[in-house]
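Written out below as structure tokens is the structure these notes cover.
Number of protein chains: 2
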Amino acid sequence: MAGDVLSTFRGVHDHGRCTDDALATAEALCAEKGLRLTALRRRVLELVWSRHQPVRAYDLLEDLRAERRRAAPPTVYRALDFLIANRLVHRIESLNAYVGCAGPRNPHVGQFLICRKCSAVAELNDGEIARTVARKARGLGFTVERQTIEIAGLCPQCGGTRAA
Amino acid sequence: MAGDVLSTFRGVHDHGRCTDDALATAEALCAEKGLRLTALRRRVLELVWSRHQPVRAYDLLEDLRAERRRAAPPTVYRALDFLIANRLVHRIESLNAYVGCAGPRNPHVGQFLICRKCSAVAELNDGEIARTVARKARGLGFTVERQTIEIAGLCPQCGGTRAA
DNA sequence: GCTATCATGTTATAGTATAACAACCCACGC
DNA sequence: GCGTGGGTTGTTATACTATAACATGATAGC
Ligand SMILES: [Zn+2]
Ligand SMILES: [Zn+2]
Ligand SMILES: [Zn+2]
Ligand SMILES: [Zn+2]
Chain A
129 MAGDVLSTFR GVHDHGRCTD DALATAEALC AEKGLRLTAL RRRVLELVWS RHQPVRAYDL
189 LEDLRAERRR AAPPTVYRAL DFLIANRLVH RIESLNAYVG CAGPRNPHVG QFLICRKCSA
249 VAELNDGEIA RTVARKARGL GFTVERQTIE IAGLCPQCGG TRAA
Chain B
129 MAGDVLSTFR GVHDHGRCTD DALATAEALC AEKGLRLTAL RRRVLELVWS RHQPVRAYDL
189 LEDLRAERRR AAPPTVYRAL DFLIANRLVH RIESLNAYVG CAGPRNPHVG QFLICRKCSA
249 VAELNDGEIA RTVARKARGL GFTVERQTIE IAGLCPQCGG TRAA
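Residue numbers (our numbering), protein chains in the order written: chain A, 129 to 292; chain B, 129 to 292.
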């Protein structure tokens, strides 16, 4: 992946490289696990990465149709199901949208910083937050299976304060 | 409100009282702030509380129609908009559903424990989690405006471990 | 090649939410 | 009282998100 957690928020990053890396990692990961990253699934993953922003399913569908006339909603939703199940894509619940996973090899919960102005999303993936949440929930007798953490606000470029 | 954060998860709580309290608090709060808690909005709030579970908008609509034939989707969505804007109701993003706010007087972010088996939802509202998230985000130059934290799993009644 | 399995195509429909404009109501000032 | 103006609700239509159900096609192991 190209750079740290905030690379998405910076004006320009080498997004071609960033997408290529993601696809290469996905290929390798699927090969290791014996998963079938078909042409369709690979292409959907590529389209998800193509903007480095949360992408909605029907936008993906529109893109797909340009090159695959027979694409229908199940086409894209099934590809997304596969990609999400195998941790290559995350769903952003508060936006009904999808983003490529920045680190599919590191097991992690979904934690996202979402800029309401430029729509960029960065994956936070902070262990301390995850552990604090898990500890508090466990302390109440609750068994945690999935954490959904979505932080909305302004990224550094769009009005955020400078890092200390 | 009737009891602590986990009262929702216990077999039986005095839910009539719990709903009455919520409505009384809402009335008082709106009176203080000069907000118009109309009959419709009050009734929708009551319906949201009626199950002490996440309720979907179209279920509310169905309930409403039993007594107000002219109710349509905007009827319920507009009431929900008002209730959410004034912190009387929370939206659970991962479920497309709505729950009554357990403590509208305490300013707080939305943090929820959601049992996938019995569908009960408890509002966590833990300051340490909120502060940890805020600190981490701020450290990256991100200005936090809204936190969405939804923890899915099993509640104590449905298979969670006992609290220590 | 045969066959079981998984993947995709295809059609239809379910579920969630908002746009746009009309009608109504009520508080306020005249 | 009367108008008037803003906020609330009614009404119709439509946009957006997602899945069901069954048919067809590709793939891999035997
Ligand atoms: Zn990820
Ligand atoms: Zn931004
Ligand atoms: Zn209750
Ligand atoms: Zn439960």
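Cβ atoms here follow ideal geometry from the backbone N, Cα and C, with glycine treated the same way.
Residue i and residue j closer than 8 Å at C-beta
i, j, result
"Pro201/B", "Thr153/B", "no"
"Leu175/A", "Leu211/A", "no"
"Gly294/A", "Thr276/B", "Residue numbering for chain A in the displayed model covers 129 to 292; residue 294/A lies beyond these limits and cannot be assessed."
"Ala265/B", "Ile279/A", "yes"
"Arg184/A", "Ala225/A", "yes"
"Val217/A", "Pro182/A", "no"
"Ser222/A", "Glu221/B", "yes"
Interface flag, residue i vs chain B, CB-CB below 8 Å
i, result
"Ala130/A", "Any reading at Ala130/A needs caution, since the residue's pLDDT is 45, under 50, leaving its predicted position unreliable; the model's value is listed next. Not an interface residue."
"Cys229/A", "no"
"Asp254/A", "yes"
"Ala292/A", "Note that Ala292/A scores 44 on pLDDT, short of 50, meaning its location in the model is unreliable; the coordinates nonetheless yield the value given after this. By this cut-off, Ala292/A is an interface position."
"Glu190/A", "no"
"Pro284/A", "yes"
N- and C-terminal bounds of the alpha helix (DSSP H) containing residue i
i, result
"Ala276/B", "Looking at the sequence itself, residue 276/B is Thr, so the reference to Ala does not match. From DSSP, Thr276/B is part of no alpha helix (DSSP H) but of the beta strand (DSSP E) over Thr271 to Leu282."
"Leu157/B", "His143 to Lys161"
"Leu211/B", "Pro201 to Ala213"
"Ala258/A", "Gly255 to Gly267"
Three-state class that DSSP yields for residue i in the structure shown
i, result
"Met129/B", "At Met129/B the pLDDT is 46, less than 50, meaning the model places this residue with poor confidence; the figure from the coordinates comes in the next sentence. Three-state DSSP puts Met129/B in coil, outside helix and strand."
"Gln181/A", "coil"
"Gly287/A", "coil"
"Arg118/A", "The structure shown does not extend to residue 118/A, since chain A is modelled only from 129 to 292, so the question has no answer here."
"Gly238/B", "strand"
"Ala225/A", "strand"
Residue i at chain A interface by Cβ criterion, 8 Å
i, result
"Leu241/B", "yes"
"Arg244/B", "yes"
"Val217/B", "no"
Residue i beta carbon near ligand 3 (any heavy atom closer than 7 Å)
i, result
"His218/B", "no"
Start and end residues, beta strand (DSSP E) containing residue i
i, result
"Glu251/B", "Val249 to Glu251"
Check: residue i C-beta below 7 Å from any heavy atom of ligand 1
i, result
"His236/A", "yes"
Distance cut-off 7 Å: residue i Cβ against heavy atoms of ligand 2
i, result
"Gln285/A", "yes"
"Phe240/A", "no"
Proximity test, residue i beta-carbon vs ligand 4 heavy atom, cut-off 7 Å
i, result
"Ala154/B", "no"
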